[in-house]
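Residue numbers (the numbering used here): 51 to 452. For each residue, glycine too, the CB sits at the ideal point set by N, CA and C. These figures come from a predicted structure and were not determined experimentally. Everything below concerns the one structure shown next.
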Ligand code: KIV
Ligand code: ZN
């Protein structure tokens, strides 16, 4: 742990490896039950992602529906900076449809995928490994005929047999894939295991230096962000993530968490993203509003309590120095200020500070009385609002004058 984590991020940024932020809120995020967005909402989200510095926006799955096709086409036509990506299964009709949707993009990317794990190949695809291998070569080549930027994913990569994984990755690169994604489709892996997997593939595949490796982690065991960061340390340079971590089942790695982890812990994660972090809270609020998915209060980085302190010990520390209990500043993620929430755990120092903010100056006895009455009130109410304190102190002053 460095002595001054908040300032390290700024001072070390030049020596860091750039990580590509690939946002899939509009595709994997929208795939989770209940998160459907209208076309207008998708465009609003895409505009914000582009403005905040996302490198690649996966805008949808064009073959899935006419609505998805239209959304990808419109996003493709209006993004000023980001590459726009369309998803396609390993089928010519999917790839051609994705290419068509991406026609208006300045920087189009086709993302094609096929399952490579024994359980998926046998039960879902009902294909042999050789058949899957052939499809990989054919589909990546097809995509490459349409665009220069082709991403290939081995779905269920973390449960894929290693020799086969290396063989298909090598063939995908030879066929023209420029990004190789090794997804943890079912959120099964652990940071150590994922680190070893990415390292092994990069070391064993002879042409691995011809492609950028990508991580795409699901959160079924709550390890999506940790696994993604382990993947970076093993040499991946693209992270696939979503705003608020929405996505299939338990969701994907949360963009705000990966971005702030690398910004805050530059000492052990020497990477940089191009994200304007002050826009993270705005993005979180927008995605929550358009999907109607609430953000949990204690959600890392963007939760309502992420910069709120109630206990007396913590409030006292915060009043003395903000780094006592905050490892990043609220401003750095677009929150105006830290809040000291007044409740039954608050102590005298925080209460005194609150009175000062509200414009009161009490003598010692009055202060003690007001503090005791505040504590009684806080025992009865979950949160004590400024108006409650004003009422209580006004009453105290009136009693003292009688
Ligand atoms: O989780 C997954 O494997 C996916 C692929 C389509 C990349 O979302
Ligand atoms: Zn996924």
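- Across the set 371, 313 and 449, the C-alpha of 313 shows the shortest separation from the C-alpha of residue 66.
- Bridge pairing for residue 288: 70 and 264 [DSSP].
- Residue 221 has its alpha-carbon roughly 60 angstroms from the corresponding atom of residue 432.
- The beta carbon of residue 340 sits closer than 6 angstroms to those of 87 and 91, all from its chain and outside the five residues before and after it, given in chain order.
- The beta carbons of residue 412 and residue 400 sit about 15 angstroms from each other, so the pair does not count as a contact at 8 angstroms.
- Unbroken alpha helix (DSSP H) stretches of 4 residues or longer found wholly inside the stretch 208-286: 212-225, 241-254 and 274-283, given in chain order.
- Residue 446 is positioned such that its CB atom lies closer than 7 angstroms to that of residue 420.
- Ranked by how close their Cα comes to the Cα of residue 408, the residues 293, 436 and 169 have 436 in first place.
- For residue 334, the secondary structure class from DSSP, reduced to helix, strand or coil, is helix.
- For residue 162, the shortest C-beta to heavy atom distance toward the ligand KIV is 6 angstroms or greater.
- For residue 374, the closest C-alpha among the options 135, 363, 111 and 429 is that of 363.
- Residue environment analysis places residue 147 among the buried positions, since at least 16 neighbouring C-beta atoms fall within 10 angstroms of its C-beta.
- Across the structure, residue 325 and residue 422 are spaced so that their CA atoms are roughly 47 angstroms apart.
- Distance from residue 449 to residue 292 at the Cβ level is roughly 55 angstroms; contact not present, criterion being Cβ atoms closer than 8 angstroms.
- Between residue 212 and residue 98, the alpha-carbon positions lie close to 39 angstroms from each other.
- Nearest Cα to residue 68 within the set 95, 264, 108 and 185: 264.
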